[in-house]
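Residues 3 to 141 (this note's numbering) make up the sequence shown, in order. Built from N, CA and C at the ideal position, the CB exists for glycine as well. Remember, it's a predicted structure, so these values are computed and weren't measured experimentally. Presented below is the structure to which this report refers.
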Amino acid sequence: MEITGRLTADAQVRTLSDNRQVVNFSVAVSDSYKARSGERITQTEFFDCSYWIATGIAQYLTKGTIVELSGRVSARAWVDSEGNAKAGLNFHTSKITLHGGGVATDKAQPVNQTAASEAPVYEAEVVPNGTASDDDLPF
């Protein structure tokens with residue numbers, strides 16, 4: 003499944019008891035339509051997301067950033083401490099595409115990689131017309 007929405011807060015990296023790390027964040031996905039009465043109706047769904055592949059992406063997942071996510075959805079239900087029934091949606095993310103719009107911060111600094119299997123995160127470079135000159139080649 004694919005969803006596109008805005009992050010509701012900065013992503014958090016959590017370390018589990020077995021030393022695995024996960025990036026947790028929440029995304030708001032809005033949909034609007036026109037009712038028969040002509041009134042514009044907007045509905046917003048919130049997804050609690052987890053990403054297990056590389057924690058370095060967390061520095062780019064800031065509040066307000068528009069993200070496109072691929073993965074799978076699961077639902078959860080529980081009863082809170084006051085006895086009220088609650089429900090929520092989890093999105094198990096396998097791919098993240100950033101579309102910008104987030105809070106500008108000093109997060110362009112290199113990320114300290116803590117897990118040996120973790121892939122580094124690089125900033126994308128846009129090249130006009132999809133071509134590179136000889137000066138742009140890294141070798």
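Using a Cβ-Cβ cutoff of less than 7 Å, which residues in the same chain neighbour residue i once the five nearest sequence positions on both sides are dropped?
i, result
"H101", "I68, V69, E70"
In this structure, does DSSP put residue i in helix, strand or coil?
i, result
"G7", "strand"
"I59", "helix"
"R1", "The structure shown has nothing for residue 1, since the chain only spans 3 to 141."
"A121", "At A121 the pLDDT is 46, less than 50, meaning the model places this residue with poor confidence; the figure from the coordinates comes in the next sentence. Of the three classes helix, strand and coil, the one that applies to A121 here is coil, per DSSP."
"E70", "strand"
"T99", "strand"
List the whole-angstrom C-beta distance separating residue i from residue j, where the pair is believed to meet the contact cut-off of C-beta under 8 Å.
i, j, result
"H94", "G73", "5 Å"
"D50", "N92", "5 Å"
"V31", "E41", "So it is not a contact: roughly 21 Å between Cβ atoms."
"A13", "A60", "4 Å"
"Y53", "V75", "Not a contact, Cβ separation roughly 14 Å."
"L9", "S28", "7 Å"
At which residues does the beta strand (DSSP E) containing residue i begin and terminate?
i, result
"T46", "42 to 53"
"S28", "23 to 36"
"T64", "Premise fails: T64 is in no beta strand (DSSP E) and is neither H nor E."
Report all residues from its chain with a CB closer than 8 Å to the CB of residue i; omit the five preceding and five following residues, and keep chain order.
i, result
"V81", "A87, K88"
Can you find a heavy atom of the ligand SAM that lies under 7 Å from the Cβ of residue i?
i, result
"K65", "The ligand SAM is not part of the structure shown, which contains no ligands of any sort."
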